[in-house]
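Residue numbers (the numbering used here), protein chains in the order written: chain A, 1 to 471; chain B, 1001 to 1294. One structure below.
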Amino acid sequence: MFGFSERSLSNLLFWVTRKKWLILAFLLSISFFYIPSPEGLTPEGHRTLIIVLVALILIISESIPLPAVAILILIMEVILGVDTADGVASSFMSDAVFFIMGSLMLAVSIVYQGLDKRLALGVINITGNKTWRIVLGFVTISALLSSFIGEHTVAAMMLPVALALIRNAGLETGKATHLSTVLLFSIAYGCAIGSIGTPSGGGRNVIMIGYLSEFGMADLSYLTWMKFAYPMLLLEIPIVAIVLWHTFTPSQKIMDSAVRKLKVQVAKTGDLTVNQIMAIVIFLVVFLGWVFLSPYIGLGIVALSGVFLYLSFGLIEWQEINRNTNWGVILLFGSAISLGIQMKETGAALWVAEGTLNNLEIIFQDVAVVRWFVSVVITGLLTNLLSNAATVAVLGPIVLDMGGNPLITGIMTSIASAFSYLTIVASPTCMIIHSTGLITPSDYLKAGWKLFIISVVLLLLISIFYWPVLL
Amino acid sequence: MKILIAISSKEYSGPTLDVGMNIARALKASTTIVDVGQKISEFSAKDVSLTNELMESWDLDRPGVDVLEWAYTYLAENKFIESQTIEAGFPKNLLVESRSNRAEVYLKGSVIKNLNLILRNGDIIEELRDEVHTYNYDLTIIGGSGKRSMAHDLIQYIDSSIFIVNNFNLKQDYRILVAVNDSSGTAKAVKYGVRVAQAFGIDVDLVTISRDNHFGEGYKNASARAAKLMRRSGVAAETLFKVGEPVNTIVEIAGNNHIIIMGASKQSPIAKFFMGSKPLDVIETCDCPVLIVK
């Protein structure tokens, strides 16, 4: 047919079926390009929204590699005349992108120090051998550590501990049981609730702080963020542990021999080495830098300083950082933030914000409720489809244009983007536990929907009763 | 001859591995057993690989190694590996990344030549297609998923013959049903029929179906040629002429005690994509293993 060989037709069909979302995005962008700009929306804003739509389709479907989506966003911004090439380039790189880059590199540097065995010993010494205490301990440690170090680092270090315990309990490591499910989720959900605690808990927090400062709305310091968010984290720890325990109650109530075997295994690693002590000291220096210096030099520069110290003290090889850092994600977030800034500057964010307010006000009768609904519920749901940082990068400018106190809306949106309980793709920690083959997609819904609702309600209560005290 | 056997778990892949390895032994084919694991989102790919690296220091296996180890145990128990090599156990330390997203265990002392165990991660169709394209397999053997879209993608996009080990019962006595007509696919299907019949030492039904009561010269000659080849190869074969709708008739005769072998549809890929094909309809409705020969 048409002079094509059967094989090339088959190849073409394969490409079309695998790239259907790319084709759909292309066709939609062409059609939207030719419809006249709606009232109140500038032509630049109109074209920016086309890019947002294309980016969302391609990120959710993952039909082309993520770095390709990142590059496409930049190309479209220039070709559609949203900004000049130099303008796009300068909005592409920001302190938030420095932070994401630095925190991914710090994660590799920390994971490579072999501190996971010591962490295991610490957890087990605190929890003892009762399974419910181990679950609570896993949630607590994951939450507290990930609030400072970032969730992917903590999940990577905690996962082997959980799997070693499962193996030591005499269970097959390849077969799912309630014990394996509850332990793995206590890591994933622990990390999720932890990531809201401080700006360095997740790239999305820094993206939001970047927007607030870039748009001249507020300057948020590390400690101020903690005052707003940390109480919620602490309240969520027992809630997550209880919900997980009741949803996946394991038959093994005591893990005596498993814990003993783990202690024997870990004891072989000996005392802390000089390198490990230096690694911890450097991280503490970075933490102090975030708390005291970030208002002056930025969170990203502090994170990069940490990477500089790890590299120059020879605690990590550049090759290891290079091999294990997800450069594609850095490119994508750079582009997404650039797009977010363009949404603000072209008025696209304001247009979407006003449209949403006007339409939803008919249903909710109150602007404040609409604002809450979008920044919490919509963000929470979108974060389960998209990655959480991409959600904040895209939704951030819109919710900040909805009026009200931008500081409150901003923190609320960032916190809601951590409600990534429902799907595998919601966050790297969800994917890490899924990659073990022990967690099925339906497991995420079993406990996830309860935690989602509880978290939404808790955030509402905190924003009504606690935050006004701080303002 | 190169065979690819796709397995997924200890629970469901037993029959697939058993049938696949028996065919491989009979045909003296170089054989690769592949487990395609979960697709990892690009957002998290590096985080997952970093975690897997850390797991090695805990002497924990990366996901999928347990499935390969189970396959190795099967190979050892069924004498596909020489006994002196078996004593050393599953050589998981020889699992090496041969390409990105493809790790391979090089097995020593295998009875058949080039026996490999590999691990891949991602979308099953994309991974199998890439494996078959890159390493030129003649036959892919896979368990039945019961999903039409999966069967469609397998026969549409995998560039080798496909054996779907659907509802296979090790205790059942099987016959082979070769669907014979005047198409070019039939000759290949008959050759495979001979090989599989010899591999398992079972008899063959050569079934020719016409929609009306008239069987043309082409059909009759094809059936005669097939019967002759069976006779020469020492395979006991019965020739059947049936009237009816082809797909229903094949499925009806096959029941649950035949292995169906048929040539791939010769329609254009576009037509197959939109309208399906007889092999696809057979796979979807039958209750037994099906081999589609390309």
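Every residue gets a Cβ at the ideal spot worked out from N, C-alpha and C, and that includes glycine.
- Task: Using a cut-off of 7 angstroms between C-beta atoms, extract the partners of P1269 (chain B) located in chain A.
- Result: Within 7 angstroms Cβ-Cβ: E6, L9, S10, L13.
- Message: Against G1037 (chain B), what residues of chain A qualify as contacts under a CB-to-CB distance less than 9 angstroms, listed in chain order?
- Response: What G1037 (chain B) touches in chain A, judged by beta-carbon distance under 9 angstroms, is S435, G437, going in chain order.
- Measuring CB to CB, does P67 (chain A) end up less than 8 angstroms from D116 (chain A)? In this structure, P67 (chain A) lies away from D116 (chain A), with their beta-carbon atoms at least 8 angstroms apart.
- Message: Please classify Q1172 (chain B) as buried or exposed, where buried requires at least 16 other C-beta atoms within 10 Å of its C-beta.
- Response: Flag for Q1172 (chain B) reads exposed.
- Query: Along the stretch 1078-1098 of chain B, what residues have a CB closer than 8 angstroms to any CB found in chain A?
  - Reply: For the stretch 1078-1098 of chain B, which is checked against every Cβ of chain A, not one residue is closer than 8 angstroms.
- Query: Is it right to say E1217 (chain B) is buried, meaning 16 or more other beta carbons lie within 10 angstroms of its own, or is it exposed?
  - Reply: E1217 (chain B) should be labelled exposed.
- Message: Please confirm whether V1132 (chain B) has its beta-carbon closer than 8 angstroms to some beta-carbon of chain A.
- Response: No, V1132 (chain B) does not count as interfacial toward chain A.
- Apply the 10 Å Cβ neighbour rule to R323 (chain A) and answer buried if 16 or more other Cβ atoms are within range, or exposed otherwise. So R323 (chain A) ends up on the exposed side.
- Message: For a quick check, are the C-beta atoms of A418 (chain A) and I193 (chain A) less than 8 angstroms apart?
- Response: A contact, by the Cβ cut-off of 8 angstroms.
- Item | Contact set between the stretch 309-335 of chain A and chain B, restricted to residues whose Cβ is under 7 angstroms from the partner | Interface annotation for the stretch 309-335 of chain A against chain B: N324, T325, N326, G328, V329, criterion Cβ-Cβ distance under 7 angstroms.
- Take the Cβ of L220 (chain A) as the centre, count every other Cβ of all protein chains shown within 10 Å, and call the residue buried at 16 or more, exposed below. Counting of Cβ neighbours within 10 angstroms places L220 (chain A) among the buried residues, the total reaching 16 or more.
- Task: Put L315 (chain A) into one of helix, strand or coil per three-state DSSP.
- Result: Annotated three-state conformation of L315 (chain A) is coil, per DSSP.
- Residues of chain B with a CB under 9 angstroms from the CB of P441 (chain A): which are they? What P441 (chain A) touches in chain B: nothing, since even the nearest Cβ is about 10 angstroms away.
- Cutoff 8 angstroms: E62 (chain A) Cβ touching any chain B Cβ: For E62 (chain A), the answer is yes, since a Cβ of chain B falls inside 8 angstroms of its Cβ.
- Query: Going along chain E in order, which residues have a C-beta closer than 7 angstroms to the C-beta of I432 (chain A)?
  - Reply: The structure shown contains no chain E; the protein chains it does contain are A and B.
- Would you tell me roughly how many angstroms separate the C-alpha atoms of V1327 (chain B) and Q1198 (chain B), rounded to the nearest one? Beyond the ends of chain B as shown, which are 1001 and 1294, falls residue 1327 (chain B); an answer cannot be given.
- Query: Using CA coordinates, which residue listed in B:N1101, B:Q1156, B:N1256, B:H1258 is at the minimum distance from I1040 (chain B)?
  - Reply: The alpha carbon of I1040 (chain B) has as its nearest neighbour, out of B:N1101, B:Q1156, B:N1256, B:H1258, the alpha carbon of B:N1101.
- So with Cβ pairs under 8 angstroms, would you call F1273 (chain B) a contact of chain A? Nearest CB-CB separation between F1273 (chain B) and chain A: below the 8 angstroms threshold.
- Message: Taking 8 angstroms as the threshold (C-beta atoms), are E1042 (chain B) and E354 (chain A) in contact?
- Response: Annotated as distal: E354 (chain A) and E1042 (chain B), with beta-carbon spacing of 8 angstroms or more.
- Task: Out of B:Y1012, B:T1016, B:S1009, B:S1008, state which residue places its alpha-carbon closest to the alpha-carbon of V1290 (chain B).
- Result: Among B:Y1012, B:T1016, B:S1009, B:S1008, the Cα nearest to that of V1290 (chain B) belongs to B:T1016.
- Task: Could you spell out where the beta strand (DSSP E) holding S1161 (chain B) opens and where it closes?
- Result: Element bounds for S1161 (chain B): 1161-1165.
- Item | Residue range of the alpha helix (DSSP H) that includes G328 (chain A) | Segment 327-345, the alpha helix (DSSP H) holding G328 (chain A).
- Query: Apart from the five residues just before and just after E1056 (chain B), which ones in its own chain have a Cβ nearer than 7 angstroms to its Cβ?
  - Reply: Counting only Cβ-Cβ distances below 7 angstroms, and skipping sequence neighbours, we find nothing.
- Query: What three-state label does DSSP hand E361 (chain A) in the structure shown?
  - Reply: Annotated three-state conformation of E361 (chain A) is helix, per DSSP.
- Selection from B:S1098, B:M1275, B:K1242 that minimises the alpha carbon distance to D1205 (chain B): If you compare the alpha carbons of B:S1098, B:M1275, B:K1242 with that of D1205 (chain B), the shortest gap goes to B:K1242.
- Query: Ordered along the chain, which non-local residues of its own chain (more than five positions away) have a Cβ less than 6 angstroms from that of V352 (chain A)?
  - Reply: Here V352 (chain A) has I398 as same chain residues with Cβ atoms under 6 angstroms from its own Cβ, once five neighbours each way along the sequence are excluded.
- Message: I want to see whether chain A comes within less than 8 angstroms of L1177 (chain B), judged by CB atoms only; does it?
- Response: Any Cβ of chain A closer than 8 angstroms to the Cβ of L1177 (chain B) would place that residue at the interface, and such an atom is absent.
- Query: From the beta carbon of M105 (chain A), is the nearest beta carbon of chain B less than 8 angstroms away?
  - Reply: Among the CB atoms of chain B, none fall inside 8 angstroms of the CB of M105 (chain A).
- How would you write the range of the alpha helix (DSSP H) that E77 (chain A) sits in, first residue to last? Segment 66-79, the alpha helix (DSSP H) holding E77 (chain A).
- By the criterion of Cβ-Cβ separation under 9 angstroms, what are the contact partners of S387 (chain A) in chain B? Within 9 angstroms Cβ-Cβ: S1041, F1043, S1044.
- Between the beta-carbon of V1132 (chain B) and the beta-carbon of S1161 (chain B), is there less than 8 angstroms? In this structure, S1161 (chain B) does not lie closer than 8 angstroms to V1132 (chain B) by Cβ.
- Task: Starting from Y1157 (chain B), find everything on chain A with Cβ-Cβ shorter than 7 angstroms and list it in chain order.
- Result: S10, F14, listed in chain order.
- Comparing alpha-carbon positions, which option in A:L350, A:T429, A:G404, A:A336 lies nearest L74 (chain A)? Minimum Cα distance to L74 (chain A) is reached at A:A336.
- Item | Local conformation of G1263 (chain B) per DSSP, three classes | Three-state DSSP puts G1263 (chain B) in a strand.
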